[in-house]
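Only one structure is covered here, and it is reproduced in the block below.
Residue numbers (our numbering): 10 to 128.
Written out as structure tokens, the structure is:
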């Protein structure tokens, strides 16, 4: 099942950086893990457009509506969103709830395990 992607401007990552500093309580991951280090990745994200997976991790949850609009314009029938429990934040859970509430009348939501079962 291909994961949906979205193109992000450097401005998105600057906002992420600043908001994380401004309100760490809301943007701090709820899990106890850490992301794998990726040397040079921060510089790339802050200076160029990048293609990213559609995700509910942290501030990325802010892009769910934008990703849905983009996929609808391209006439895609599905949007696959990923997320990692250790990367969820209070902010991302709020944005996910808002996204589902706003779109539940027009779209169906499911999980991988409901579609394919836990085998």
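Ideal placement from N, C-alpha and C gives every residue a C-beta, glycine not left out.
All of these numbers come straight from a predicted model, not from anything done at the bench.
With respect to the beta strand (DSSP E) encompassing residue 16, which residues constitute its N-terminal and C-terminal limits? 14 to 17
What does DSSP give as the partner residues of residue 59 in its beta bridges? 17
Classification of residue 85 by the beta-carbon crowding that lies within 10 angstroms, buried from 16 upward: exposed
Using DSSP with H/G/I as helix, E/B as strand and the rest coil, what is residue 103? helix
Taking its Cβ as the centre, do 16 or more other Cβ atoms sit within 10 Å of residue 77, making it buried, or is it exposed? buried
Taking the beta carbon of residue 73 as the centre, do at least 16 other beta carbons fall within 10 Å, making it buried, or is it exposed? buried
With DSSP as the reference, please indicate the residues paired to residue 65 in a beta bridge. DSSP lists no partner for residue 65.
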